[in-house]
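Under full-length UniProt numbering, the first residue of the sequence shown carries the number 1, and numbering increases by one thereafter.
We put the CB at the ideal spot given by N, CA and C, even for glycine.
The block underneath contains the structure these notes are about, expressed in structure tokens.
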Amino acid sequence: MRYPCGTWWNTDTALLRQTHPVRTTIATLVLLLLAPASAGAAPTTERAAPAGLAVTGYALPSTHPAIIRRDAAALTTVTVAAVSLRPDGASTTSPDPRTARLVGTAHAEGLRAELLVGNWSDRLGGFDPDAASHLLSDGDHITAVADQLTGLVASGGWDGVNVDLELVRRRDSRGLVAFVTALRERLPATASITIDVSARTSATAYRAGGYRLAELAAVVDAVQLMAYDQHGPDWSGPGPIGGLAWVRDAVAAALAEVPPEKLDLGVAGYGYLWRADGSGRTLTVKAARRLVERSGAAARWRRAQGEWRATLPGRRVVWWSDGRSYAARAALATDLGLRGTAIWRLGSAGPLD
1 MRYPCGTWWN TDTALLRQTH PVRTTIATLV LLLLAPASAG AAPTTERAAP AGLAVTGYAL
61 PSTHPAIIRR DAAALTTVTV AAVSLRPDGA STTSPDPRTA RLVGTAHAEG LRAELLVGNW
121 SDRLGGFDPD AASHLLSDGD HITAVADQLT GLVASGGWDG VNVDLELVRR RDSRGLVAFV
181 TALRERLPAT ASITIDVSAR TSATAYRAGG YRLAELAAVV DAVQLMAYDQ HGPDWSGPGP
241 IGGLAWVRDA VAAALAEVPP EKLDLGVAGY GYLWRADGSG RTLTVKAARR LVERSGAAAR
301 WRRAQGEWRA TLPGRRVVWW SDGRSYAARA ALATDLGLRG TAIWRLGSAG PLD
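Encoded structure:
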């Protein structure tokens with residue numbers, strides 16, 4: 001998951017995940033999304049599980065509750081970026097106070113609310129592999145952080161934990177399994193545990209990225225495959241955020257070790273702008289469309305990639321993934337019998353319902 005510089009949960013412009021990170025029927029959801037393009041007690045009015053996909057929407061603490069209310073009919077779970085590992089890997093930061101209202105809103109809408117713990121570092125402006133290693137290589141740290149998260153789940157009324165540790169080193173892969181196992185041993189049986197996994201296109205690449213997928217899948221409720229950031233400014237030239245062929249390859253490689261009923265397909269709800277010098281920035285779906293319109297350029301739907309592309313004056317290029325992109329990936333998830341989808345992120349992706 002890649003976020004912009006600055007406090008990652010204090011800005012509503014944080015959009016990205018980086019790998020360097022329904023309530024309606026699927027047919028109805030697809031039709032809705034083809035149009036262009038927020039601490040409480042446990043839910044007491046939770047709606048019946050959808051007949052189709054489970055749908056997770058990621059949110060920042062700065063996400064306005066109205067966004068969650070707007071998108072609730074298309075969601076089953078809201079996962080909030082709530083805490084991050086401290087540099088020594090022995091504890092986490094305290095939850096942003098604004099997360100409590102998001103938990104309350106999710107529950108009021110009959111949705112589950114998961115607490116996301118990650119290794120994003122404001123100091124580094126990126127993910128901190130050392131913090132993850134300090135946690136995963138030390139049994140005492142694993143115990144301490146698992147205990148801390150269990151307490152936060154209880155005190156904050158959360159329904160589960162989402163583990164978003166990125167840039168995990170291969171040597172720490174056993175520690176990652178030990179960490180989710182420690183959480184499973186401590187959390188109530190009703191609490192969910194999900195883990196975010198950066199997309200790779202081979203079993204060897206997943207293992208090199210620190211993921212023992214079969215062992216992780218045996219413990220967690222869902223592996224959420226971050227099938228985006230195939231291309232992006234600063235690490236590649238212009239290209240799709242997550243082209244369909246690449247997504248299919250990543251899913252196929254994951255399914256070699258993860259049962260389909262435990263795999264969620266992550267979908268981008270954002271875009272990138274590339275400048276001529278290779279630098280760039282992230283865009284919400286709305287901002288991408290507005291930028292193209294104001295530049296006088298024409299966006300073209302790239303069917304093979306399942307995304308939009310536009311060339312702007314000054315040799316600038318924009319790619320973005322919107323509701324039409326989501327519909328294609330939701331259909332793929334359904335065809336493959338996957339558990340669900342996971343959208344990064346609410347408010348950036350445009351209305352889901």
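Once you ignore the five residues that flank residue 148 on each side, which residues in its own chain have a CB closer than 8 Å to its CB? 91, 92
Are residue 266 and residue 342 close, meaning C-beta to C-beta below 8 Å? yes
Does the distance from the CB of residue 357 to the CB of residue 184 come in under 8 Å? Because the chain in this structure spans residues 1 to 353, residue 357 falls outside the shown range and cannot be described.
Element boundaries [beta strand (DSSP E), containing residue 343]: 340-344
In the DSSP assignment, what residue or residues form a beta bridge with residue 354? In this structure the chain extends from 1 to 353, so residue 354 is not present and cannot be described.
Cα-Cα separation, residue 243 to residue 320: 11 Å
Would you call residue 62 buried or exposed, if buried means 16 or more other Cβ atoms sit within 10 Å of its Cβ? buried
Would you please state the rounded distance, in angstroms, between the beta carbons of residue 175 and residue 142? I believe it to be under 8 Å. 7 Å
So what does DSSP say about residue 78, is it helix, strand or coil? strand
For a test of the three-state rule: what should DSSP assign to residue 249, helix, strand or coil? helix
Check whether residue 114 and residue 159 have beta carbons under 8 Å apart: yes
Using a 10 Å radius around the Cβ and a threshold of 16 neighbouring Cβ atoms, would you call residue 278 buried or exposed? exposed
From residue 216 to residue 180, what does the alpha carbon distance come to, in whole angstroms? 8 Å
Cβ of residue 245 within 8 Å of Cβ of residue 203? no
Where does residue 147 fall in DSSP's three states? helix
At the level of alpha carbons, what is the spacing between residue 88 and residue 124? 14 Å
Boundaries (first-last residue) of the alpha helix (DSSP H) holding residue 71: 65-71
State the DSSP-derived secondary structure class of residue 321, mapped to helix, strand or coil. coil
For the region 226-274, which segments carrying the alpha helix (DSSP H) assignment without a break, of at least 4 residues, lie completely within its bounds, in sequence order? 244-255
So residue 99 packs on residue 65, CB below 8 Å; how close in whole Å? At roughly 11 Å, the Cβ-Cβ gap does not stay under 8 Å, so residue 99 and residue 65 are not in contact.
Do residue 239 and residue 349 count as a contact pair if the criterion is CB distance below 8 Å? no
State yes or no: is the C-beta of residue 164 within less than 8 Å of the C-beta of residue 196? yes
By alpha-carbon positions, which one of 325, 285, 313, 206 ends up nearest to residue 301? 325
For residue 48, does the three-state DSSP call read helix, strand or coil? Note that residue 48 scores a pLDDT of 36, beneath 50, so its modelled location is shaky; the value from the coordinates is reported in the next line. It is coil, neither helix nor strand.
Residue of 334, 258, 229 minimising C-alpha distance to residue 271: 229
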